[in-house]
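K.L.:
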Amino acid sequence: MPVDKQVIERYRVLNECFRNPYRDYTIEDLVDECNKALRKLDKPEVSKRTIQNDIVNMETDYGIRLNEKLRKGRQRIYRYIDTDFSIHLVRMNDQERHKIQDAIYVLRDFEGEPLYDWARAFLMQIEGGLFNEDNTPVVSFQTNPDLKGISFFSELLQAILAKRVLKLRYTPYGKDTQTVNVYPYHLKQFNDRWYLIAQTIGYQSYAHYALDRIDSFEEIAIPYKEADVDFSEYFDDVIGVTVPDSDAEDIVIKVTGKRFNYIRTKPLHLSQRIIEEAEGYAVITINVKVNNELESLILSFGDDMEVIAPASFRERIAGKIQAMNNKYLNNAENLHSK
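All letters in the sequence shown, in the order written, are residues 1180 to 1517 by my numbering.
(1) Alpha carbon to alpha carbon, how far is Ser1319 from Ile1401?
(2) Assign Tyr1388 to buried or exposed, taking buried as 16 or more other Cβ atoms, counted over all protein chains shown, within 10 Å of its Cβ.
(3) Ile1187 by DSSP, collapsed to three states: which one?
(4) Does DSSP put Asp1394 in a helix, a strand or coil?
(5) Between the beta-carbon of Thr1205 and the beta-carbon of Ile1260, is there less than 8 Å?
(6) Ignore the nearest five residues each way along the sequence and tell me which others in Asp1521's own chain have a CB closer than 8 Å to its CB.
(7) Can you look up Asn1470 in the DSSP assignment and give me helix, strand or coil?
(8) Taking DSSP's pairing of strands, which residues face Asp1429 in a bridge?
(9) Is the beta carbon of Ile1432 sitting closer than 8 Å to the one on Met1484?
(10) Within a Cβ cutoff of 7 Å, which residues of the same chain sit near Gly1307, ignoring the five residues on either side of it in sequence?
(11) Where does Asn1505 land, buried or exposed, given buried means 16+ other C-beta within 10 angstroms?
(12) Measuring only the C-alpha atoms, how far is Gln1337 from Asp1409?
(13) What residue from Thr1464, Asn1194, Asn1370 and Tyr1362 has the CA that sits closest to Ala1341's CA?
(14) Could you compute how far the alpha carbon of Ser1450 sits from the alpha carbon of Glu1247?
(15) Can you list, in chain order, the residues of its chain whose CB lies under 6 Å from that of Val1186, leaving out five sequence neighbours each side?
(16) Using only alpha-carbon positions, find the residue among Leu1366, Asn1232 and Lys1437 that is nearest to Val1462.
(17) For Tyr1364 and Ile1339, which I take to be in contact (beta-carbon distance under 8 Å), what is that distance rounded to the nearest angstrom?
(18) Could you check whether Phe1414 and Lys1367 sit closer than 8 Å to each other, using their CB atoms as the reference points?
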């Protein structure tokens, strides 16, 4: 997401709405207020997903705390726990602003690359400063420049920008090496891995190729085909990179109290909402498409998370747990027999 006047304006509007104790703002109200402000700047309107994403970014970047319990019927009301709280947005002179805008213009071509995320965090928090008076850094960022496959990143990015068709040599986990021709469209990071999102020639659906599983690639002289989806919204309804050809559905999950404190501040998905909160547990819902990444995420929480609904996904998770238990017992028996 570009760090520009539109983002700052949306954050300013949201901040004012969250601070207002005299009006109940639903998500639709917040979208309306932001779009009113954007129209005054002669900027395009934004969707509900964009505002939901803004709220998550404000929680991460500015540490805002919203009252989770406010409701108007079934709709959530968005308001700070402490309405005296306010975020402090960037203020700079014209010369500083022009320098920042020039830097942003260059960085836009690299959105999705690790460096872009660092720069975005830096620019959005520049008012507080990331260095002390003697220029000693006071913030450290985590990176892994030796990550397998990351050396392909720049070349793949250039292929996407130049609209070149690629021949990939790719070795899926536990399978033989494959050679496929693809239209490359997008690079996405998930769970500390980078993926190339592409359409394999001869198929209608989109595939994802982990960069650390790509052995090599080369450009081939085949006409390029444009994507027929908007990748700024393509992953909105999923966790991860797999986008099934199915509808999003409400996944209802019961979480233990100790885990809920973590999930409250780091939601499983932008759509996460609290249905019930009691001593020792909470019930939340997310509206997503069921995929393998969702399944793995649920299982990673172990006994601290239980799928309540839908029944089909609950049975799927139960089957996975049973299969893992059987594998563990078989391994234990084999070890004992030796």
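Quick reminder that beta carbons are idealized off the backbone N, C-alpha and C, glycines included. Note that this is a predicted model, so its numbers are computed, not measured.
P.N.:
According to the structure data:
(1) Caution applies to Ser1319, whose pLDDT of 43 falls short of 50 and renders its modelled position unreliable; the value that the coordinates give is listed next. Approximately 44 Å, taken between the alpha carbons.
(2) Tyr1388 is buried by the Cβ-count criterion.
(3) It is helical.
(4) Three-state DSSP puts Asp1394 in a strand.
(5) No, Cβ-Cβ distance for Thr1205 and Ile1260 is not below 8 Å.
(6) Because the chain in this structure spans residues 1180 to 1517, residue 1521 falls outside the shown range and cannot be described.
(7) coil
(8) Asn1466
(9) yes
(10) For Gly1307, the predicted model reports a pLDDT of 38, less than 50, meaning its position is unreliable; a value from the coordinates is still stated below. Counting only Cβ-Cβ distances below 7 Å, and skipping sequence neighbours, we find nothing.
(11) Exposed, since its Cβ has fewer than 16 Cβ neighbours within 10 Å.
(12) When rounded, the distance between both Cα atoms is 19 Å.
(13) Tyr1362
(14) 13 Å
(15) Cβ neighbours of Val1186 beyond the five flanking positions: none.
(16) Lys1437
(17) 6 Å
(18) yes
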